[in-house]
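Rendered as structure tokens:
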């Protein structure tokens, strides 16, 4: 509300309301006073005339009565009068009485003035006592009403004049005060905006000293502004100083942070480099041990060599744990997404732990539930590492009883399956305190465990970090003396609807199952039921349905004559084939005749091996096995592809791989291998890495792109010198496994069993002949060793020696030139090529020197291998002399070939490194 409006309300409206209220009160009072005066005057006049009227009435003098009545009628307000007797008859009437609403009632009213409407009164006065005659006056009050209206009009005019006067006065006052107030308001607004202020002029005296107050306020504000500017300037200076200090501290913190990051990077790099540096000589030591194992050693030296090999393996496992832990801590471990078969993974892990478990007499059981789908995607290498660590710990800390691995479906979502994997043992158990700190790095359940059982305490910490990185959780349930159960969840990509098909289809065949171990018995019984068989235990078999197969457990291998004879008598009387299960190593299996057919199998049983054994025992004449399942359980023929640019290596691989049920195809280059793969599929590929043109990695990638079947075909890298980092790189490039030269029948059999499950069809390992001499120096040529490396073909071994001797001149020239030019890459290529050529020849002295030189060159550089240059050239010269001294013993096919010579290949050196 504006000031003008407020003044108008105060100066105009309020006085007008007060005046109206006074007028409204005084006018009725004034009217009432006038009416009272008229009534008094009428009553006074009647009182004066009434005696004369009474006398005239008593005398009956009508003229005198009329004369006295005229006096009353002469009064201005009296319009008519009448004298009425007691009977209501009008004795005298002057003028005409105006009618009233109740005329009859009016005649009987008491004396006094009565109002009968606006301006109409009647005055009744008794003239005689005892209800005699009375006087009635008809009085006209219209004059009083007009006078009252005149007073109201005058009052209204006066009020209007007063309102106009007050309005004019108020307006003038507002105009007089408004402009100074607006100036004051504008000045305050300028002060509010911080604008410069000009002093206000003097305000009217009616106003308080507002101008002085505003001017004083402007001055104080100016002073405050100046003071604030001084304080701001001071604060700014202090802030700038503080900012400089903070900036210096931030720079120091940033430098400290960078130093910490750099220290962490250096630590991780140091761990990785040290692991690599330690593994490099370890691989060399292991290689030397292999070479020494092929040399002339007595029994004690071989025992010492086995201890060295075992210690190197433990140290290599420790280094791998430290490297994995450093990668996990630095978040540098990348997970792959490859097909995962949980049945195969569990079987592989149990097979690796089987020797230790067999020595302790432990039962290893793997149970992958039927609801676990087959088509899962994950990182099989890391899952295998998890299972190996947990199962290895369970076997390590369990002296008797069992170790059971269970895999089941925990949760299913769209495109995702969460598995629950548990490893239960009957070992020493853990207390609550030990369980709380079990998954910490460098921690073991009990401090004495590291001395009693070995280990670093990193395994479970690595397991925890691996499980968490894969999106799962790991935990343990354990009680001292009652064993432990380690369980973890494993989220994998896949569809739960893809149920695993049964390996066999046995249409109601009766199988007699004799297995004393309850867990193994339940697992085998469930598996046989899933295949459609009818498993029965002893006592349940009937004569109506005799068993078509016996599955019996021998426990530990029976070594005494009496139990062996008992089993021989039973097997001779048995009317059906028998599968005998023995918890021992393959070398300790008992020799038991199986006249009705069957096999002796080693525990722990893999599902594939058990299915194949059942299929072989029942044979094709049994109708229980489906036609489409038989080829899967017992493949008729395996097609293998060996790719190597060295002719001698190709021929040796062909000789080692040749066997019943195996078809070997050789390819001299990656292009030739690709052309052969387009013509038909192969079950296994052995791939050389260093080849001209398409190297092994490029060929592998091209094979993977040929179709879905090639995506699951095992491709194994064959190389002469593969460090752990090189192995990981090759596996990450698409190869399934890495095997180092030289190859022998036993390693090839293990390789085929791992990837194809065909251990029985692989070439049997050959027993090395006893060394002819026991000298301490390695011989230049060892024909027995060469014959064994050549698969038992002595003529082929001599031919390989001749080809190697022919290539030494060119190899020596390449090594000398690279060393003279300080070209480490060319030097490594030349030595690596010579190393690969020596792996298949019986030249242990030269092979040992070349292996040592390559190890030193890879790990410590050219300077470390320089002292071995002279012994290398001496060994090469000695081999050439031997070749010259034995010309007749070399086959006529020893014509040197470019593919046999140990020459460096520039185009493939980068891919192998």
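In my numbering, the protein residues as written are 993 to 1905.
Heads up, the beta-carbon is just placed ideally off N, CA and C, and yes, glycines get one too.
All figures in this text were calculated on a predicted structure; none of them were measured in a lab.
Note down the Cα distance separating residue 1358 from residue 1657, rounded to an integer number of angstroms. Each residue's alpha carbon lies about 36 angstroms from the other.
What are the start and end residues of the beta strand (DSSP E) that includes residue 1113? 1112-1118
Could you check whether residue 1543 and residue 1566 sit closer than 8 angstroms to each other, using their CB atoms as the reference points? No; because the gap between Cβ atoms is not below 8 angstroms, this pair is not in contact.
Where does residue 1674 fall in DSSP's three states? coil
Euclidean distance between Cα positions of residue 1637 and residue 1655: 20 angstroms
Between the Cα of residue 1331 and those of 1372, 1126, 1027, spot the shortest distance and give me the residue it belongs to. 1372
For residue 1703, the three-state DSSP class (helix, strand or coil): helix
Residues near residue 1807 by beta carbon distance below 6 angstroms, same chain, minus five either side: Take residue 1807, set aside five residues on each side of it, and the residues of its chain with a beta-carbon closer than 6 angstroms to its own are 1822, in chain order.
Mind checking which residues open and close the alpha helix (DSSP H) that includes residue 1947? Residue coverage of the chain in this structure runs from 993 to 1905, which leaves residue 1947 outside it and unanswerable.
Flag this pair as touching only if the stretch 1366-1384 and the stretch 1403-1418 have three or more C-beta atom pairs under 8 angstroms; answer yes or no. yes
Which residue wins for smallest C-alpha separation from residue 1523, given the options 1499, 1506, 1562, 1538? Ranking 1499, 1506, 1562, 1538 by Cα distance to residue 1523 puts 1499 first.
For the beta strand (DSSP E) that residue 1654 lies in, which residues bound it at each end? 1654-1659
Nearest residue (CA-CA) to residue 1339, options 1223, 1396, 1839, 1455: 1396
Measuring CB atoms only, is the stretch 1866-1873 touching the stretch 1831-1844, in the sense that at least three cross pairs come out at less than 8 angstroms? Three or more beta-carbon pairs drawn from the stretch 1866-1873 and the stretch 1831-1844 are found closer than 8 angstroms, and the two stretches are therefore classed as touching.
Please state the DSSP three-state secondary structure of residue 1311. Helix at residue 1311.
Just reading off the beta strand (DSSP E) that residue 1107 is part of, what are its end residues? From DSSP, the beta strand (DSSP E) with residue 1107 extends over 1104-1107.
Pairwise C-alpha distance: residue 1403 and residue 1530: Whole-angstrom Cα-Cα distance: 39 angstroms.
Using the beta-carbon count (16 or more within 10 Å), is residue 1521 buried or exposed? exposed
Select from 1853, 1795, 1791 the residue whose C-alpha is nearest the C-alpha of residue 1811. Comparing C-alpha distances from residue 1811 to each of 1853, 1795, 1791 shows the shortest one belongs to 1853.
Between residue 1195 and residue 1180, what straight-line distance do the alpha-carbon atoms span, to the nearest angstrom? 15 angstroms
Of all the beta strand (DSSP E) runs that stay within the bounds of the stretch 1528-1588, which reach a length of 3 or more residues? Secondary structure in the stretch 1528-1588: the beta strand (DSSP E) runs of 3 residues or longer, each lying completely within the stretch, are 1541-1547, 1570-1574 in chain order.
If you run the structure through DSSP and keep just helix, strand and coil, what is residue 1092? Annotated three-state conformation of residue 1092 is coil, per DSSP.
Residue 1705 versus residue 1601 - alpha carbon distance: Rounded to whole angstroms, the gap between the alpha carbons of residue 1705 and residue 1601 is 19 angstroms.
Compute the distance between the beta-carbons of residue 1420 and residue 1464, then report whether it is under 8 angstroms. No.
Write down the C-beta distance between residue 1558 and residue 1748 rounded to the nearest angstrom, noting that I regard them as a contact closer than 8 angstroms. Their Cβ separation, rounded to whole angstroms, is 37 angstroms, which puts residue 1558 and residue 1748 out of contact at 8 angstroms.
Straight-line gap, residue 1210 to residue 1162 (C-alpha atoms, nearest Å): 31 angstroms
For residue 1356 and residue 1593, what's the separation of their Cα atoms in angstroms? 14 angstroms
Would you check if there are 3 or more beta carbon pairs closer than 8 angstroms linking the stretch 1049-1068 to the stretch 1141-1152? no
Do you know whose CA, among 1185, 1696, 1044, 1451, lies nearest residue 1669's CA? A check of alpha carbon separations from residue 1669 across 1185, 1696, 1044, 1451 identifies 1696 as the nearest.
In three-state DSSP terms, what is residue 1072? strand
So, helix, strand or coil for residue 1014, using DSSP? helix
Measure the C-alpha to C-alpha separation of residue 1661 and residue 1797 and round it to an integer number of angstroms. 24 angstroms
At which residues does the beta strand (DSSP E) containing residue 1492 begin and terminate? Premise fails: residue 1492 is in no beta strand (DSSP E) and is neither H nor E.
Enumerate in chain order the residues of its own chain whose CB-to-CB distance from residue 1598 is below 6 angstroms, with the five nearest sequence positions on each side excluded. Scanning its chain for C-beta atoms nearer than 6 angstroms, with the 5 sequence neighbours on each side dropped, one finds around residue 1598 the residues 1339, in chain order.
I need the DSSP call for residue 1402, collapsed to helix, strand or coil. Looking at residue 1402 - three-state DSSP - the assignment turns out to be strand.
Local conformation of residue 1383 per DSSP, three classes: Looking at residue 1383 - three-state DSSP - the assignment turns out to be helix.
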